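Below: one structure, written as structure tokens.
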Amino acid sequence: METANTNTGVDVNKGSVNQTLKKLGLSLGENFLYLIIIVIFIAPLVWMVLGSLREEKEIFANLYPFTIHTFLPINWTLDTYLDMFGISEIGIMYGLHFHRFMANSLFVSVAVVACSLVFNTMGAYFFARLDFPFKNFLLIFVVATMLIPFQATIVPLYIVVSKLGMRDSFWGLIIPWFASPFVIFALAQFIKEIPKELDEAATIDGASLWGILWNVILPNAIPGIITMALLEFQFIWNLFYWPLIVINSPDLQMIQVAIANQTTQTQIFWGRTFAGSTLASLPVIIVFLALQKWYIQGVATTGLKG
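If you count the sequence shown from 1, position 159 lands on 140 in the working numbering, and the numbers rise without skipping.
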């Protein structure tokens, strides 16, 4: 009997060890897979940033064979950034003023976010809280407009902007994005999660519809509003095609168009392209890091994870 019990104990220990090793192997495999995914996504960005710190002739000079200098520059330099900000002779000669282009993009992005959130929040509030004729039909119509590709509306939109005299101006970049079906729909879902009892309590206290929106809905919808503001900011900041056809004046260029202009018919200035892309990434990264707490909360609440 003692021998049998001893063997049973050994078998149990072996099974426990095998399970532990199996879990450890799965964990190592998952971590290795995650590491590969991280490298795939991060390596091009790191190479872009480091490429902006190289001399132009060195950028593609050390790709093969693969060495440490494939990533790390041999001669570190900030000349490309001096060119981009119009400080060097080359920057002055080519009229490179990326600080102006970044300021243009920042102004347009902030203006669109501020104005669109006003209209979109009111629209979301009406769909989420009020009952009016054809409400469901109108909501379906708003959502259905998201299925229309931008390329299908760009010609009539351009004609309207031109007829209103807003072409080659910031107005032509701002006004077309005042209303966003996606933001209206997402904020409406967020507002629906706010208990209606709060509205009823505010109504008993004599609050109007606008009072409920201002004192009840907005304070409780801050995570959702910030999430939508961040997504809207990123969308406007990355606009390329619309500013390309609307803006003709070099002084009104947005950052993405300015980066594309570093490519000519005969040459691609990779150093400037990398430096411009690095500079264009910074504001979005800074805004996201500053608002990530509310962004994560808003994504979890509005169900945008999928």
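Where is the CB? At the ideal position from N, CA and C, for every residue including glycine.
Every value quoted in this text rests on a predicted model; they were computed, and no experiment measured them.
If only complete runs of 4 or more residues are kept, the segment 37 to 101 shows the alpha helix (DSSP H) at 60 to 65, 70 to 75, in order along the chain. Between G205 and F171, the C-beta spacing is below 7 Å. Between the C-alpha atoms of A188 and I175 there is a straight-line separation of about 17 Å. In this structure, P224 lies away from M209, with their beta-carbon atoms at least 7 Å apart.
Taking a 10 Å sphere around the C-beta of V89, we find 16 or more other C-beta atoms and assign the residue as buried. Within 10 angstroms of the beta-carbon of A169 lie 16 or more other beta-carbons, which makes it buried. Given a length threshold of 4 residues, each whole run of the alpha helix (DSSP H) inside the segment 158 to 198 is given here in chain order: 162 to 173, 177 to 185, 190 to 193. Counting along the chain, the unbroken alpha helix (DSSP H) around F214 starts and ends at 203 to 218. Inclusion of S86 and A256 in the CB contact set at 7 Å is not warranted, their separation being larger than that value.
In the structure shown, T259 falls within a helical segment according to DSSP collapsed to helix, strand and coil. In this structure, DSSP gives I226 a helical state, which the three-state scheme calls helix.
Here the segment 236 to 245 does not lie against the segment 46 to 53, with fewer than 3 beta-carbon pairs under 8 Å apart. Looking at the DSSP output, I121 shares a beta bridge with no other residue. In this chain, the alpha helix (DSSP H) harbouring I236 covers 236 to 241. Excluding sequence positions up to five before and after T254, its CB lies within less than 8 Å of the CB of I240, Q243, T244, all in the same chain and listed in chain order. Straight through space, the alpha carbons of I228 and T259 are spaced by roughly 23 Å. Looking at F108, A133, P231, the one whose alpha-carbon comes closest to that of F122 is F108. Apart from the 5 residues on each side of it in sequence, M127 sits with its Cβ closer than 7 Å to the Cβ of P162, F163 in its chain, given in chain order.
Residues of the same chain with a CB within less than 7 Å of the CB of S143, apart from the 5 flanking positions on each side, do not exist. Between F221 and Q237, the C-beta spacing is below 7 Å. Assigned with DSSP and collapsed to three states, T244 falls in strand. Residue state for I249 is assigned as strand, using DSSP reduced to three classes. A Cβ-Cβ separation of about 11 Å leaves A183 out of contact with N201 under the 8 Å criterion. Taking F113 as the centre and dropping the five residues before and after it, the same chain places the C-beta of F107 closer than 8 Å to its C-beta, in chain order. Distance from the Cα of A261 is smallest, within the candidate group M29, N12, I165, for M29. Cα atoms of I198 and Y276: separation of roughly 18 Å, rounded to the nearest angstrom. For the pair K177 and L263, the Cα-to-Cα distance works out to about 40 Å. Per DSSP, reduced to three states, the secondary structure at P264 is helical. Annotation for F131: the continuous alpha helix (DSSP H) segment containing it runs 131 to 144.
Within the model, the alpha-carbon separation for P231 versus G67 is close to 14 Å.
Pairing M83 with L233, the inter-Cα distance amounts to about 10 Å. Within the same chain, no residue comes within 7 Å of P130 by CB-CB distance, once the 5 residues on both sides are set aside. Going by beta carbons, I71 and W251 fall outside the 7 Å limit.
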